[in-house]
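Here is the structure we will look at.
Numbering (the working numbering), first residue to last: 9 to 625.
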């Protein structure tokens, strides 16, 4: 039957925590069926480790959890000898006694960068170490070699990798050439499915992690480094197993043929985005007129055609700069700045989007099991709120109901480069829905695509690995040959079913949200640490957002701080939500997004990460 809500008063929780599976007794039932109850026992804990602060109270040692909604827990004294009062620690709840926990790790003094990053990692369940069975399987897989007889040999094709300066896992390599008035494009992706088979300890750990997480001081890889940074990685000059998508394009950029194979490749060059751009701009003399320049020029021409088609159908290109964080020898942020973005970035994005879309269309057309990347249309109310703010900033917008991606893409294109455009693009992003993974093929609004999935990063994303396995199973019916993606295909009988795929898709969506949250919080912690050394400094920054409690102002580094309304004592400021403005009641002064103002850094703390600003002058 249908369940009824049962409220558990604090005194009846018996040590249960939010999310725990419990056995409870109903004590009373009120009108409408709702009742109160008491927890009899905890069946299963929702968390294995709790992070918090030690508080010594007489003969008791308490853990005050960081997580809201959790009550203080008594720690076993025998486990707390090395922990001083006020230290940040991690503890494991006692499965036999829900009111007690055992200290398992002293993290450190609060407010220290190392402490706060470890607090974040443990709280989010970011495991540093792989289980021994997964390591053993990874080492065995890394020692194996691909059989060239079962693959298409493409080692003669001078592939290039183009990645960030500090990249270690090279998922993708590309090559393009001019042919018959059009282009031939190769997008070769690391064949991780040749090393990581479904169902083993290594695969289970990869699924559990879902994706790699990139923090300023450390990477939490989805796969052990023996695979992610070595055996699977498409390193320069090394023979590597790959899955290659070959596309033929006409002079307008339309794809006239697409096919896939399991290949063996040898990357000719490892380029950074900056160096690739310098070669394209003719600013890099070394190797001028050589293979790198020739391939890059063909890639650039090919990408320009693809980008024109993507933009023409309404792909959104939100220009929101990421932060580039440089660390000193002690791991402290030495410099933070908005990351440079080049045409070379868009080149790779165009190739990856196109390859992903070709594989998605093939899977969907043939009813093959896959994990798709879906992005629903935006919520009309959020979009209307965005329109009002944009108009306050001088942009007149008129959308259909519902708006099309072409309309939004036109606005994004027209606003790019104008003062405050980063703010507008950020606000538009906030008004869009969140993309996720699904076993069903649905539209991707942001890319204006009817069928889309992730295929091009199997070293660092589990959904890509699932898609690779399905495609590899089809190719392996005739090893060493090409599979035409314009043809019809039936899937082998041993492919995952829809329910299994939906569970995987949900797990991967959850893992992605955890990764996004970890990376967001890490940036905030490092940003606060960077400005902590600049307390007292004055700077001119732009207001990035306004709320009823104050306004966020962006430092030239890209780090945001808050001017709280309580510190604005020259007037009484009220929040005008329809204009995202703080308006003074007496002076007539107002503060809106996009305005440049002078502020002083008053304080910066690492937990929770925050930067306090006050108006200056």
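The beta carbon of each residue, even a glycine, is placed where N, CA and C say it ideally should be.
Should residue i go down as buried or exposed, given a rule of 16 or more other Cβ atoms within 10 Å for buried?
i: residue 273; result: buried
i: residue 68; result: exposed
i: residue 455; result: buried
i: residue 437; result: exposed
i: residue 179; result: buried
i: residue 205; result: exposed
i: residue 86; result: exposed
i: residue 252; result: buried
i: residue 250; result: buried
i: residue 519; result: buried
i: residue 394; result: buried
i: residue 19; result: exposed
Look at residue i and residue j and say whether their C-beta atoms are less than 8 Å apart.
i: residue 15; j: residue 44; result: yes
i: residue 184; j: residue 491; result: no
i: residue 621; j: residue 561; result: yes
i: residue 112; j: residue 99; result: yes
i: residue 33; j: residue 52; result: no
i: residue 467; j: residue 549; result: no
i: residue 543; j: residue 614; result: no
i: residue 356; j: residue 475; result: no
i: residue 399; j: residue 391; result: no
i: residue 96; j: residue 77; result: no
i: residue 535; j: residue 287; result: no
i: residue 579; j: residue 598; result: no
i: residue 386; j: residue 439; result: yes
i: residue 539; j: residue 569; result: yes
i: residue 236; j: residue 177; result: yes
i: residue 314; j: residue 260; result: no
Could you give the distance in angstroms between the alpha-carbon of residue i and the alpha-carbon of residue j?
i: residue 487; j: residue 513; result: 29 Å
i: residue 200; j: residue 346; result: 33 Å
i: residue 586; j: residue 555; result: 11 Å
i: residue 318; j: residue 13; result: 49 Å
i: residue 461; j: residue 342; result: 38 Å
i: residue 600; j: residue 169; result: 43 Å
i: residue 642; j: residue 131; result: Missing from the structure shown is residue 642; the chain here goes from 9 to 625 and no further.
i: residue 37; j: residue 228; result: 48 Å
i: residue 402; j: residue 459; result: 36 Å
i: residue 618; j: residue 119; result: 12 Å
i: residue 151; j: residue 435; result: 48 Å
i: residue 430; j: residue 328; result: 6 Å
i: residue 172; j: residue 472; result: 21 Å
i: residue 90; j: residue 84; result: 12 Å
i: residue 546; j: residue 607; result: 6 Å
i: residue 493; j: residue 484; result: 14 Å
i: residue 244; j: residue 433; result: 37 Å
i: residue 452; j: residue 158; result: 35 Å
i: residue 428; j: residue 55; result: 43 Å
By Cβ distance, which residues of its chain are closer than 6 Å to residue i, with the 5 residues on each side in sequence left out?
i: residue 447; result: 506, 509, 510, 513
i: residue 192; result: 185, 256
i: residue 635; result: Any question about residue 635 goes unanswered here, given that the chain covers just 9 to 625.
i: residue 332; result: 345, 347
What are the boundary residues of the beta strand (DSSP E) that residue i is part of?
i: residue 312; result: First-last for residue 312: 299 to 321, but that is the alpha helix (DSSP H), not the beta strand (DSSP E).
i: residue 611; result: 604 to 614
i: residue 380; result: 380 to 382
i: residue 343; result: 341 to 346
i: residue 108; result: 108 to 116
i: residue 517; result: Taken as a continuous stretch (DSSP letters only), residue 517 belongs to no beta strand (DSSP E), being part of the alpha helix (DSSP H) at 506 to 540.
Report all residues from its chain with a CB closer than 8 Å to the CB of residue i; omit the five preceding and five following residues, and keep chain order.
i: residue 7; result: Residue 7 falls outside the range modelled here, since the chain spans only 9 to 625, and no answer is possible.
i: residue 135; result: 217, 228
i: residue 582; result: 590, 591, 593
i: residue 363; result: 195, 197, 253, 255, 463, 464
Whose C-beta lies closer than 7 Å to the C-beta of residue i among residues of the same chain, with five residues either side of it excluded?
i: residue 222; result: 527
i: residue 166; result: 183, 276, 299, 303
i: residue 102; result: 108, 109, 110
i: residue 163; result: 247, 272, 273, 274
Between which two residues does the alpha helix (DSSP H) carrying residue i extend?
i: residue 124; result: 121 to 131
i: residue 388; result: 388 to 400
i: residue 73; result: Counting along the chain, residue 73 falls outside any alpha helix (DSSP H), though it belongs to the beta strand (DSSP E) covering 68 to 73.
i: residue 430; result: 429 to 439
i: residue 474; result: 470 to 483
i: residue 570; result: Unbroken run through residue 570 is the beta strand (DSSP E), 568 to 572; no alpha helix (DSSP H).
i: residue 420; result: 413 to 423
i: residue 451; result: Premise fails: residue 451 is in no alpha helix (DSSP H) and is neither H nor E.
i: residue 237; result: Counting along the chain, residue 237 falls outside any alpha helix (DSSP H), and DSSP gives it neither H nor E.
i: residue 100; result: Not the alpha helix (DSSP H): residue 100 falls in the beta strand (DSSP E), residues 96 to 101.
i: residue 210; result: 209 to 217
At a cut-off of 7 Å, is residue i close to the ligand GDP when judged by its beta-carbon and the heavy atoms of the ligand?
i: residue 240; result: The ligand GDP is absent from the structure shown, which contains no ligands of any kind.
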